[in-house]
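Student: Numbering (the numbering used here), first residue to last: 242 to 641. For glycine and all other residues, C-beta sits at the position ideal for the given N, C-alpha and C. Please read through the structure below; I'll follow up with questions.
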Amino acid sequence: MKRVAIVGGGASGLLCAIICARGSLDVTVFEQNNKCAKKILVSGNGRCNITNTNLTSEKFFSSNPEFAMGLIRRFGFREFEKFCSSIGLVLDVKADGRVYPQSNEAKSVASLLLHTAEALDVTIKTDQRIEEIKTLFEEYDAVVIATGSDAASHLGGNGSGYDFAKEFVHTIIPPYPSLVQLHLTSQLAPKMSGAKIDAEVTLFINRQKELSSLGDILFTNYGISGFAILDISQRASQALQYGEPVLISLNLLPHYNPQKLASHISSLCKNAPALSVLDMLIGLLPSKIAKHFLEYIELDTDLKLTDLHTKQIKKIAATLLAWKFEVSDTHGFRHAEVSGGGIDTTEVDPHSCESLKQKNLYFCGEVLDVVGARGGYNFAFAWASGYQVAQSIITKALQA
Ligand SMILES: Cc1cc2nc3c(=O)[nH]c(=O)nc-3n(C[C@H](O)[C@H](O)[C@H](O)COP(=O)(O)OP(=O)(O)OC[C@H]3O[C@@H](n4cnc5c(N)ncnc54)[C@H](O)[C@@H]3O)c2cc1C
């Protein structure tokens, strides 16, 4: 029987272990944490957005995009659903394509992966941090690096997989935090900390409009967070890494256009002239944002609507729909859900996920230079790559 060592008991490592064991291989998983699957347990706010039915190329980011899509085509949603059914995990497919466990609990995903692996006699060694990769080849016929990325260090995220790959002269595409909150230079953002609103966020890099996202935003003491921010963070973080100027423009009232908003304000000026400009904004926005918005456009909060000029009305309307903030940094790997960059996939066989530099060395999951959008895409890649590694090792074992 061939012996396989899998370094990392996360999403990709556990799926890989199960498929290898089903292929009659003798599998050992080495996990540095006291338990496996810590990221699965916290994923999707404890619900685990386990994959997506729309696994299209624009949802995956890599310097070699075809690599991810090749794997996803071979182990897409239908194949993953079949795998889940084989371990007793029932899926709940949402109308927009996001997929969750029917139980709505991430812990059912982690438990079923672990219990299935254990039932197949996979040896799981927790509290076992691997420091040296080359010695594993003395005992094992195949070694799988499934160590994930630097993201979320409190859950075990670290860059050891990159160091292992470097020992075999692999190139590392510089990692950067993704699905991460952003730091803003503005002194006003911390003053609005805690205020949440549905907004449209538009990202500008080098003054060029890149992409927009609609969703909630939350001002924080360091800058800004929320789903709409996470959605633009991959591109923002990558640009910051290269020192490019990054701006976001917030449309705080996405259901208005400038004319409709200006006419709403004008009619209030006519019908409720004794109200203050702050009262008018409180009717539209959370009060913390309203107050500091006025500080930004240098209008006195007590200014009566009767005294508001047409020019000021136009300025308020235009700025509420495009309030610009300079982005200075991301909130870092510690707070990021995932990491972009990683092991250069041009040095990895796209059909087997085997290293092109070292025989019987395989890579799967986030340690590779592939990162997904929010919506279950990162797990989708972890499953697809973990599956491919296992299939390749089984095929090789059968040929031996
Ligand atoms: C808060 C949060 C929420 C998330 N929510 C979602 C979501 O809803 N949907 C989604 O698609 N993605 C989500 N993700 C991303 C997703 O969790 C990862 O993309 C996925 O877990 C990557 O799988 P992996 O197997 O590559 O790495 P991981 O799951 O991170 O597993 C790697 C494992 O290797 C271990 N390890 C590392 N180095 C060593 C070593 N030297 N020796 C031994 N063990 C080692 C680590 O402890 C870890 O257990 C979320 C991430 C976070 C942090």
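1) Keeping to the same chain, check which residues put their C-beta closer than 8 Å to that of A641; ignore five residues upstream and five downstream.
2) Taking the alpha-carbon positions, what's the I634 to A383 distance?
3) Rounded to whole angstroms, what's the CA-CA distance from Q343 to V283? Just pull it up for me.
4) For L429, which beta-bridge partners are listed by DSSP?
5) Check for me: the beta strand (DSSP E) holding E441 runs from which residue to which?
6) Measuring only the C-alpha atoms, how far is D543 from G285?
7) Is the number of C-beta pairs between the region 370-387 and the region 401-416 that are closer than 8 Å three or more?
8) According to DSSP, is T269 helix, strand or coil?
9) What are the boundary residues of the alpha helix (DSSP H) that V487 is part of?
10) Between the region 299-306 and the region 578-596, can you find at least three pairs of beta-carbon atoms closer than 8 Å?
11) Answer yes or no: the CB of F620 versus the heavy atoms of ligand 1, is any distance below 7 Å?
12) G397 and Q273 look like a contact to me (Cβ under 8 Å); what is the Cβ gap, rounded to whole Å?
13) Around the Cβ of R575, are there at least 16 other Cβ atoms within 10 angstroms (buried) or fewer (exposed)?
14) So, for G311: in the same chain, excluding its five sequence neighbours on each side, which residues have a beta-carbon less than 6 Å away from its beta-carbon?
15) Would you check whether ligand 1 has a heavy atom nearer than 7 Å to the C-beta of Q479?
16) Using only CA atoms, which one of A513, I557, K511, D548 lies nearest to N492?
17) With respect to 7 Å, is the separation between the Cβ of L396 and the closest non-hydrogen atom of ligand 1 below this value?
18) To the nearest angstrom, how far is it from the Cα of L516 to the Cα of I523?
19) Between the C-alpha atoms of N512 and S528, what's the straight-line distance to the nearest angstrom?
20) According to the neighbour-count rule (16 or more other Cβ atoms, all chains shown, within 10 Å of its Cβ), is V410 buried or exposed?
21) What are the boundary residues of the alpha helix (DSSP H) that V630 is part of?
22) Less than 7 Å between C-beta atoms, sequence neighbours within five positions excluded: which residues of the same chain meet that for I470?
23) Which of the three DSSP states, helix, strand or coil, is assigned to H424?
24) Distance, Cα to Cα, A621 vs L546?
25) Would you decide whether G606 is buried or exposed? Buried here means 16 or more other CB atoms lie within 10 Å of its CB.
26) Do A430 and F468 have their C-beta atoms closer together than 8 Å?
27) Where does K366 land, buried or exposed, given buried means 16+ other C-beta within 10 angstroms?
28) Starting from D570, follow its DSSP beta bridges and name the residues at the other end.
29) Checking the sheet assignment: what are the DSSP bridge partners for D457?
30) Compute the Euclidean distance between the alpha carbons of P418 and V568, then round it to the nearest angstrom.
31) What are the boundary residues of the alpha helix (DSSP H) that includes F321?
32) Among L549, V248, S474, I538, which one has its Cα closest to the Cα of L509?
33) If we call anything under 8 Å between Cβ atoms a contact, is K600 one with E588?
34) Please report the straight-line C-alpha distance between G251 and E379, rounded to a whole angstrom.
35) Does the Cβ-Cβ distance between A258 and V268 come in under 8 Å?
36) Per DSSP, what kind of secondary structure is S596 in: helix, strand or coil?
Tutor: So, from the data block:
1) Take A641, set aside five residues on each side of it, and the residues of its chain with a beta-carbon closer than 8 Å to its own are K243, in chain order.
2) Roughly 7 Å between the two C-alpha positions.
3) 16 Å
4) In the DSSP assignment, no residue is bridged to L429.
5) 437-446
6) Cα to Cα, the separation comes out at about 43 Å.
7) yes
8) strand
9) Segment 487-492 is the beta strand (DSSP E) holding V487; no alpha helix (DSSP H) there.
10) yes
11) yes
12) 6 Å
13) exposed
14) P591
15) no
16) I557
17) yes
18) 11 Å
19) 22 Å
20) exposed
21) 618-640
22) Q422, L423, V442, I458.
23) strand
24) 53 Å
25) buried
26) no
27) exposed
28) Its beta-bridge partners are H424.
29) D439
30) 14 Å
31) 318-327
32) Of the candidates L549, V248, S474, I538, the one whose C-alpha sits nearest the C-alpha of L509 is L549.
33) no
34) 24 Å
35) Cβ atoms of A258 and V268: closer than 8 Å.
36) Residue state, collapsed to three classes: strand.
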